[in-house]
Structures are given as C-alpha cells and as structure tokens.
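Top to bottom, those sequences are chains A and B.
Heads up, the first sequence is in numbering that gives the first Met the number 0, so the first residue is 0 and it goes up one at a time.
Heads up, the second sequence is in numbering that gives the first Met the number 0, so the first residue is 0 and it goes up one at a time.
Just so you know, even glycine gets a beta-carbon here, dropped at the ideal spot from N, CA and C.
This one's a predicted model, so the numbers in the text were calculated from it and none came from an experiment.
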Amino acid sequence: MVLAGRTDAFEPLVSPYRRPLLALAWRLTRNAEDAREVAQEALLRAFRSLAGYDASRSFRNWLFQIAANEARDRYRKRARETAAFGDVVERSPCATTGSAAPGPETERDRQEIRSDILRSLAVLSPREREVLVLRDLEELDVAETARTLGCSNLSVRVHLSAARRKLREALRRDFPHLEEGR
Amino acid sequence: MTCRKVRKLMPLFAGDDLGPRRTRAVRSHVDACPACRSELEELREALARIKAAAKEEDVPDWSESEWKALMVRATGETPGSRKGKRSAGARVAWPGWAAASAAGVLIGFVILSVLYRGSMPGPARTASPAVPPELAEAGRAQDVVSLTMVSPETGLQIVWFLDKNFDYKGEQE
Numbered sequence: 000m001v002l003a004g005r006t007d008a009f010e011p012l013v014s015p016y017r018r019p020l021l022a023l024a025w026r027l028t029r030n031a032e033d034a035r036e037v038a039q040e041a042l043l044r045a046f047r048s049l050a051g052y053d054a055s056r057s058f059r060n061w062l063f064q065i066a067a068n069e070a071r072d073r074y075r076k077r078a079r080e081t082a083a084f085g086d087v088v089e090r091s092p093c094a095t096t097g098s099a100a101p102g103p104e105t106e107r108d109r110q111e112i113r114s115d116i117l118r119s120l121a122v123l124s125p126r127e128r129e130v131l132v133l134r135d136l137e138e139l140d141v142a143e144t145a146r147t148l149g150c151s152n153l154s155v156r157v158h159l160s161a162a163r164r165k166l167r168e169a170l171r172r173d174f175p176h177l178e179e180g181r
Numbered sequence: 000m001t002c003r004k005v006r007k008l009m010p011l012f013a014g015d016d017l018g019p020r021r022t023r024a025v026r027s028h029v030d031a032c033p034a035c036r037s038e039l040e041e042l043r044e045a046l047a048r049i050k051a052a053a054k055e056e057d058v059p060d061w062s063e064s065e066w067k068a069l070m071v072r073a074t075g076e077t078p079g080s081r082k083g084k085r086s087a088g089a090r091v092a093w094p095g096w097a098a099a100s101a102a103g104v105l106i107g108f109v110i111l112s113v114l115y116r117g118s119m120p121g122p123a124r125t126a127s128p129a130v131p132p133e134l135a136e137a138g139r140a141q142d143v144v145s146l147t148m149v150s151p152e153t154g155l156q157i158v159w160f161l162d163k164n165f166d167y168k169g170e171q172e
C-alpha cells in the first residue's frame with residue numbers, strides 16, 4: 000500500500016517496531032541521543048528503500064539491518080572525528096574495579112549493576128557488539144544475524160565466540176561478587 | 000576431544016551455536032571433565048546475566064510528538080497537506096524511449112563538440128549539400144549547433160540545427 004502511494008500506510012507498518020528498533024539502536028550505541036538519531040535515520044531510509052524490500056524476509060530484521068548499518072556508519076564517522084569510543088571504555092564504570100561494590104543489594108543497586116553489566120558491552124569491538132546484540136539479545140539465529148550484517152555465518156561465529164569470551168572475562172573482572180554468589 | 004579444543008568451542012556451545020557433530024563431541028567431553036563443566040557454567044551464567052540485564056533495562060522510547068513528527072518527516076508530508084506532496088520514496092518512471100532519446104542527444108553533442116573542436120584551427124567548414132544555405136553560412140562562422148536523436152527501435156535519426164542562441168534553424172532526417 001505504501002508503494003502504491005499510500006504514504007499514510009507507513010506508520011501502521013513500522014509502529015510495531017517502534018520500541019524494538021530504538022532498543023536495538025540503544026544497545027548498539029549505548030547513547031540515548033545517538034540511538035534516537037540511528038533509529039530515526041533507519042526509518043527514513045526504510046521508507047526510501049521500501050521498493051527494494053524482499054517480502055520473503057522478516058520486515059523486523061530488514062529494519063534491524065538498516066539500523067545496524069546506520070549505527071556502524073555513525074560509529075566509523077565518530078571514530079574518525081575523535082577517539083571517543085576509547086574514552087568511553089576508559090570512563091565506563093566496568094573498566095574500573097570496584098564500580099559495583101559487594102554488599103546487600105537494594106533495587107537501585109540492582110539497577111546499577113544491570114546497567115554496568117550492559118556497559119561491559121563497551122569492551123567489544125563494534126562487530127562483536129553487533130553480533131552479540133543481534134544473536135543473544137535480539138535472538139536472531141546465526142544465519143539471520145549474518146544476513147542482517149552482510150557477512151558470512153563463519154564470520155558471525157568467530158565474532159560471537161570472541162564476544163562471549165570477552166564478556167565473560169569482563170564480568171569476572173568487574174563483578175567478582177556476582178561470580179562468588181553463583 | 001582435548002580440553003583445549005573444547006574451551007575454544009565453549010562460547011558457541013554455551014549458546015547452542017555449534018553444529019550437531021561438534022555439539023555431541025563437546026557435550027560428551029564436558030560430561031566427563033569437571034574443569035570444563037565449571038568453565039561452561041561460568042560462561043552460561045555470564046550470558047544469562049547479560050540477557051537478563053538487557054531484558055530488564057529501561058530503554059528509551061519516543062514521545063508521541065517525536066514519533067508523529069518522525070512519521071511526517073519519513074513520508075515527506077507536512078501537517079495539513081497530506082495530499083499533493085510527493086513522497087520521498089516515490090520514483091519517477093521514465094519511459095524507455097525517453098532515456099534512449101536523451102542518450103542519443105548526448106552522444107550527438109559529444110560527436111559534434113569533437114568535430115568542431117578538431118576543425119577550429121583549419122579553414123572554414125563547408126556545409127554538406129543537404130544543409131540549408133543559411134545554416135551553411137552559420138556553420139562557417141561555427142555558430143551552429145546540431146542535436147541528433149537516434150531511435151534504438153527504428154534506427155531513425157533526426158538532426159536538429161540551432162543557432163548560437165539555440166534558436167531552431169531546421170532539421171534533417
């Protein structure tokens with residue numbers, strides 16, 4: 000209907016993915032402003048590229064592909080302009096020991112720990128993070144993750160393996176009390 | 000399978016991302032090796048923590064006004080003018096003959112520009128007999144321009160002659 004000129008049909012088409020798309024952008028960028036811009040640009044591009052959409056694919060995964068590309072472009076641009084990501088890693092609480100002090104956990108503490116756990120995604124390379132977010136957090140299978148990222152299944156497996164290993168190491172280093180409580 | 004090999008495959012095994020043959024091999028090793036089993040549990044725990052944290056995390060959402068504004072922007076509409084403005088995604092469907100004609104005109108331009116440039120230092124050109132006399136005069140002064148349209152379907156060629164002000168002067172088939 001959108002392709003037939005019914006532009007008002009676009010909103011019902013993308014509305015179900017309104018939050019998932021923004022959540023994906025947030026997980027890839029870990030920055031609210033960037034996430035909004037990535038998701039926004041993904042929707043604009045989706046509208047422009049709707050004629051090229053392969054209807055045999057999941058629409059959600061197609062939107063995710065556009066968002067992942069946009070997040071990667073943005074990351075590369077940002078990396079060229081500044082070495083911001085390195086700064087983020089250095090500044091992030093998970094990069095310093097003692098960010099999550101052991102002791103009785105209040106709800107607020109648990110929220111902070113959750114937040115810090117997710118900040119450990121910063122130890123991953125952009126590709127590792129993309130693969131981990133799509134496979135483990137968005138629960139796409141390996142083949143669909145590969146398709147979304149435009150790479151091979153083998154590449155996804157290699158990056159996924161490295162990502163899980165690095166995250167395990169980061170959690171072991173930065174949240175030792177969680178490991179003790181296992 | 001050795002512990003070293005199993006540890007290499009462990010991250011994929013922990014997320015059920017190995018093929019059936021390797022899965023069987025790793026599982027049988029892990030069942031018999033307490034050290035590798037402990038390693039696997041730790042990996043699965045880490046993965047579970049990440050997934051749980053992601054599920055429970057407050058992710059940002061659009062406000063209604065932001066979302067509406069985005070939809071308006073995406074579909075190229077402005078509030079109050081839903082009809083009449085062409086969408087950003089709309090494409091102009093050019094007929095095949097239009098593209099062929101444009102290509103013919105372009106090729107004609109290129110050929111003529113090469114011919115005229117090549118003859119500039121030499122004596123004035125002599126117009127071909129088929130060219131009207133006034134055009135021959137214009138051609139000598141090198142103030143004439145011609146456009147050639149070649150139809151790829153019929154092979155028909157039409158040459159339009161224009162003066163230096165691009166006013167129509169005649170045509171030839």
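Own chain, CB closer than 8 Å to residue i, minus 5 neighbours either side, in chain order
| i | result |
| --- | --- |
| Val25/B | Met0, Val5, Leu8, Met9, Phe12, Leu17 |
| Ser145/B | Gly107, Leu111, Val158, Trp159, Phe160, Leu161 |
| Ala31/A | Trp25 |
| Ala34/B | Cys2 |
| Arg29/A | Val87, Leu117, Arg118, Leu120, Ala121 |
| Leu42/B | Met9, Pro10, Ala13 |
Under 7 Å by beta carbon: chain B residues contacting residue i
| i | result |
| --- | --- |
| Glu10/A | Met70 |
| Phe58/A | Under the 7 Å cutoff, chain B gives no residues; its nearest Cβ is about 15 Å from Phe58/A. |
| Ala121/A | Under the 7 Å cutoff, chain B gives no residues; its nearest Cβ is about 13 Å from Ala121/A. |
Own chain partners of residue i with C-beta closer than 7 Å, once the 5 adjacent residues on each side are dropped
| i | result |
| --- | --- |
| Val33/A | Per the sequence presented here, residue 33/A reads as Asp, with Val not at that position. So the list reads Arg73, once near-sequence residues are dropped. |
| Lys54/B | none |
Interface partners of residue i on chain A, CB under 8 Å
| i | result |
| --- | --- |
| Lys50/B | Asp135, Leu136 |
| Trp66/B | Arg17 |
is_contact[residue i, chain D] using C-beta, thresh 8 Å
| i | result |
| --- | --- |
| Leu146/B | Although the question refers to chain D, the structure presented lacks it and instead comprises the protein chains A and B. |
Partner residues on chain B for residue i, Cβ-Cβ distance less than 9 Å
| i | result |
| --- | --- |
| Val37/A | Here the premise fails: no neighbours, minimum Cβ distance about 11 Å. |
| Leu43/A | Leu69, Arg72, Ala73, Ala87 |
| Leu159/A | Pro10, Leu11, Gly14, Asp16 |
| Ser124/A | Ordered by position in chain B, no residue passes the 9 Å Cβ test against Ser124/A, which lies about 15 Å from the chain. |
Residues near residue i in its chain [Cβ-Cβ closer than 6 Å; skip 5 each side]
| i | result |
| --- | --- |
| Gly83/B | With a pLDDT of 39 at Gly83/B, under the threshold of 50, the modelled position of that residue is not reliable, and no figure is offered here. |
| Arg41/A | The question names Arg, but residue 41/A in the sequence shown is Ala. Hits under 6 Å: Ile65, Ala66, Glu69. |
| Ala89/B | Bear in mind that a pLDDT of 37 at Ala89/B, under 50, signals an unreliable position, so the number given afterwards is only what the model happens to contain. Taken in chain order, the list of residues that qualify is empty. |
| Val29/B | Cys35, Arg36, Leu39 |
For residue j and residue i, believed in contact at Cβ under 8 Å, the rounded distance
| i | j | result |
| --- | --- | --- |
| Leu159/A | Arg134/A | 6 Å |
| Ser150/B | Ala99/B | 7 Å |
| Thr147/A | Leu139/A | 7 Å |
Where residue i meets chain B, residues with beta-carbon distance less than 8 Å
| i | result |
| --- | --- |
| Trp25/A | Val58, Pro59 |
| Leu117/A | Ile49, Ala52, Ala53, Glu56 |
| Ser114/A | Ala52, Glu56 |
| Leu21/A | Val58, Pro59, Asp60, Trp61 |
Chain A contact residues for residue i, given Cβ-Cβ distances below 7 Å
| i | result |
| --- | --- |
| Ala45/B | Leu166, Arg167, Leu170 |
Closer than 7 Å: residue i CB and nearest the ligand ADP heavy atom
| i | result |
| --- | --- |
| Gln64/A | As for the ligand ADP, it is missing from this structure, which has no ligand bound. |
Three or more C-beta pairs closer than 8 Å, one from the segment 112–121 of chain A and one from the segment 49–65 of chain A: is that the case here? The answer is no - the segment 49–65 of chain A does not touch the segment 112–121 of chain A, with fewer than three Cβ pairs under 8 Å.
At a cut of 8 Å, does the segment 55–69 of chain A reach the segment 134–147 of chain A through at least three beta carbon pairs? Contact between the segment 55–69 of chain A and the segment 134–147 of chain A is present, because at least three Cβ pairs lie under 8 Å.
Does the segment 10–21 of chain A come close enough to the segment 37–50 of chain A that 3 or more CB-CB pairs lie under 8 Å? yes
Against chain A: residues of the segment 9–36 of chain B by CB proximity under 9 Å: Met9, Pro10, Leu11, Ala13, Gly14, Asp16, Leu17
Give me the subset of the segment 142–156 of chain A whose CB atoms are less than 8 Å from a CB atom of chain B, sorted by chain position. Arg156
Do the segment 152–167 of chain A and the segment 120–135 of chain A touch if we need at least three Cβ pairs shorter than 8 Å? yes
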